[in-house]
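Using the numbering used here, count along the sequence shown one by one with no gaps and you end on 218. Backbone N, C-alpha and C fix where the C-beta goes; we use that ideal spot for every residue, glycine too. Shown next, in structure tokens, is the structure this report addresses.
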Amino acid sequence: MKMKEVHNKEQIFNFLLGRVREIIDELSDTNAKLLSICKLIMDNVPYYDWVGFYLADQSRKRELVLGPFVGEQTEHIRIPFGKGICGQAAERKTIFIVQDVSKETNYLSCSPHVKSEIVTPIFKNGGVVGELDIDSHTISPFTKADERFLKDVCEILSRLF
Ligand code: SME
Numbered sequence: 058m059k060m061k062e063v064h065n066k067e068q069i070f071n072f073l074l075g076r077v078r079e080i081i082d083e084l085s086d087t088n089a090k091l092l093s094i095c096k097l098i099m100d101n102v103p104y105y106d107w108v109g110f111y112l113a114d115q116s117r118k119r120e121l122v123l124g125p126f127v128g129e130q131t132e133h134i135r136i137p138f139g140k141g142i143c144g145q146a147a148e149r150k151t152i153f154i155v156q157d158v159s160k161e162t163n164y165l166s167c168s169p170h171v172k173s174e175i176v177t178p179i180f181k182n183g184g185v186v187g188e189l190d191i192d193s194h195t196i197s198p199f200t201k202a203d204e205r206f207l208k209d210v211c212e213i214l215s216r217l218f
């Protein structure tokens with residue numbers, strides 16, 4: 058399917074899920090796969106303005122470390138579980154959607170442009186091995202369709218870990 062034939066969000070997400078599966082098979086290096094998936098998602102969803110991965114540090118327990126990403130540089134290279142939106146998602150082991158970051162007190166700001174954030178954990182054997190973090194410059198952009206899509210992406214990615 059060519060992108061110009063795509064008319065709604067569900068169709069775009071289905072198309073992107075297919076591409077995610079292809080990228081996983083095409084490339085050999087895990088970081089290259091994750092970066093390519095960041096670019097794919099960022100380029101095709103207009104209200105996604107920062108797309109990146111945080112990976113659970115295997116040596117220092119309960120800490121996330123910044124992985125491949127596209128978007129502005131961030132000072133938040135390491136995030137303890139429980140801290141910020143990323144750390145809270147890791148601790149609670151669930152997707153965390155903040156439609157307006159100005160209303161979230163446990164938040165680590167990367168850029169004044171960011172208005173909302175959605176963080177989706179990647180699970181392996183019941184534990185959090187990483188997260189897909191997305192920032193948006195729009196307030197309340199995320200719907201159930203985003204939630205379903207990002208959970209599906211993270212489920213596919215689980216087998217890389
Ligand atoms: N805002 C995140 C920190 C990571 S940046 O968005 C890239 C948080 O509150 O955990």
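Residue i - containing alpha helix (DSSP H), residue span
{"i": "glutamate 132", "result": "Segment: none, glutamate 132 is in no alpha helix (DSSP H) and carries neither H nor E."}
{"i": "isoleucine 98", "result": "87-101"}
{"i": "leucine 112", "result": "Careful: leucine 112 lies outside any alpha helix (DSSP H), inside the beta strand (DSSP E) at 107-113."}
{"i": "lysine 208", "result": "201-214"}
{"i": "asparagine 71", "result": "66-83"}
{"i": "arginine 149", "result": "141-149"}
Supposed close pair residue i, residue j - CB separation, criterion 8 Å
{"i": "valine 176", "j": "isoleucine 134", "result": "That belief does not hold up - the Cβ atoms of valine 176 and isoleucine 134 are roughly 16 Å apart, past 8 Å."}
{"i": "isoleucine 81", "j": "lysine 90", "result": "6 Å"}
{"i": "glutamate 188", "j": "leucine 121", "result": "7 Å"}
{"i": "valine 171", "j": "histidine 194", "result": "7 Å"}
{"i": "aspartate 106", "j": "aspartate 192", "result": "6 Å"}
{"i": "leucine 74", "j": "valine 210", "result": "7 Å"}
{"i": "glutamine 156", "j": "phenylalanine 199", "result": "6 Å"}
{"i": "glutamate 132", "j": "glycine 139", "result": "Actually they are not in contact, since the Cβ atoms of glutamate 132 and glycine 139 sit about 18 Å apart, beyond 8 Å."}
{"i": "isoleucine 152", "j": "glutamate 212", "result": "Actually they are not in contact, since the Cβ atoms of isoleucine 152 and glutamate 212 sit about 12 Å apart, beyond 8 Å."}
Closer than 8 Å: residue i CB and nearest the ligand SME heavy atom
{"i": "isoleucine 136", "result": "yes"}
{"i": "histidine 133", "result": "yes"}
{"i": "aspartate 106", "result": "no"}
{"i": "glycine 139", "result": "no"}
{"i": "isoleucine 179", "result": "no"}
{"i": "cysteine 167", "result": "yes"}
{"i": "valine 171", "result": "yes"}
{"i": "cysteine 196", "result": "Cysteine is not the amino acid found at residue 196; the sequence shown has isoleucine there. No - the ligand SME has no heavy atom lying nearer than 8 Å to the Cβ of isoleucine 196."}
{"i": "phenylalanine 126", "result": "yes"}
{"i": "aspartate 192", "result": "yes"}
{"i": "cysteine 95", "result": "no"}
Classification of residue i by the beta-carbon crowding that lies within 10 angstroms, buried from 16 upward
{"i": "glutamine 145", "result": "buried"}
{"i": "glycine 128", "result": "buried"}
{"i": "aspartate 190", "result": "buried"}
{"i": "glutamate 67", "result": "exposed"}
{"i": "glutamate 83", "result": "exposed"}
{"i": "glutamate 174", "result": "buried"}
{"i": "isoleucine 154", "result": "buried"}
{"i": "glycine 109", "result": "buried"}
{"i": "isoleucine 136", "result": "buried"}
Host beta strand (DSSP E) of residue i (start-end)
{"i": "proline 126", "result": "Checking the sequence, you will find phenylalanine at residue 126 rather than proline. Where phenylalanine 126 is concerned, the enclosing beta strand (DSSP E) stretches over 120-127."}
{"i": "phenylalanine 153", "result": "153-155"}
Run through the region 161-195 for me and flag every whole beta strand (DSSP E) of 3 or more residues, listed as ranges in chain order. 173-181 and 184-193
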